[in-house]
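If you're matching positions, the sequence shown starts at 6 in this note's numbering and goes up one per residue. Yeah, the Cβ is synthetic: ideal placement off N, Cα and C, and Gly gets one too. Scroll down for the structure; my scribbles are underneath it.
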Amino acid sequence: MERTLSIIKPDGVKKGLIGEVIKRFEANNIKIVGMKLVKMTKKEAKGFYSVHSKRPFFESLTDFMSSGPCVVMVLEGEKVIEKNRKLMGATNYKEAKEGTIRADFATDIEKNVVHGSDAPHTAAFEIGYFFQGIDLL
Ligand code: UDP
Ligand code: MG
């Protein structure tokens, strides 16, 4: 069993995609073991995306991520890190496979609806950023 962090980003919440994204997780036997609505401050968004602090898109990305509420979830299942990344599709929605969340709903390389951890060590950091052990089922 693995766990991963999923975020429905501010654009996804604004577009009314909370139910749609969760429906896809449920349809793929992914269990949600933690969930909450969070509006990050700019500082919290910078901390979350600190691995990207030297990238040219960092300022814009952290402005966007702190611009409105996000749904943060901990997903659990076998190979759920990879499974979630497959459901999300490529970072750039133009390169994302048909039927993925980003191909279906993203409008921009930055505003790409969802976040998902990409490896066990990033999942552990990202889950711990938003949840304490006691918050998870
Ligand atoms: N991003 C961006 N421009 C880029 C690459 C990434 O605005 O050229 C944003 C986008 O929102 C992406 C996030 O930064 O989801 C984190 O980038 P990463 O490469 O980790 O992509 P992800 O893991 O989200 O697919
Ligand atoms: Mg990433």
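Taking only the alpha-carbon atoms, compute the straight-line gap between residue i and residue j and give it to the nearest angstrom.
i, j, result
"K116", "F69", "8 Å"
"N89", "L80", "9 Å"
"F63", "H57", "6 Å"
"F136", "G39", "8 Å"
"K47", "Y134", "14 Å"
"K51", "T67", "6 Å"
Roughly how far, in whole angstroms, is the beta-carbon of residue i from the beta-carbon of residue j, given that I think they are within contact range, below 8 Å?
i, j, result
"V85", "I35", "6 Å"
"T112", "M93", "About 15 Å; that fails the 8 Å criterion."
"K14", "H120", "6 Å"
"R8", "I139", "With a Cβ gap of about 15 Å, R8 and I139 do not count as contacting."
Short of 8 Å in beta carbon distance, which residues of its chain neighbour residue i, apart from the five on each side in sequence? Order them along the chain.
i, result
"S65", "E115"
What does the Cβ neighbour count give for residue i, buried or exposed, with the cut at 16 atoms within 10 Å?
i, result
"H126", "exposed"
"S11", "buried"
"G21", "exposed"
"M45", "buried"
"M78", "buried"
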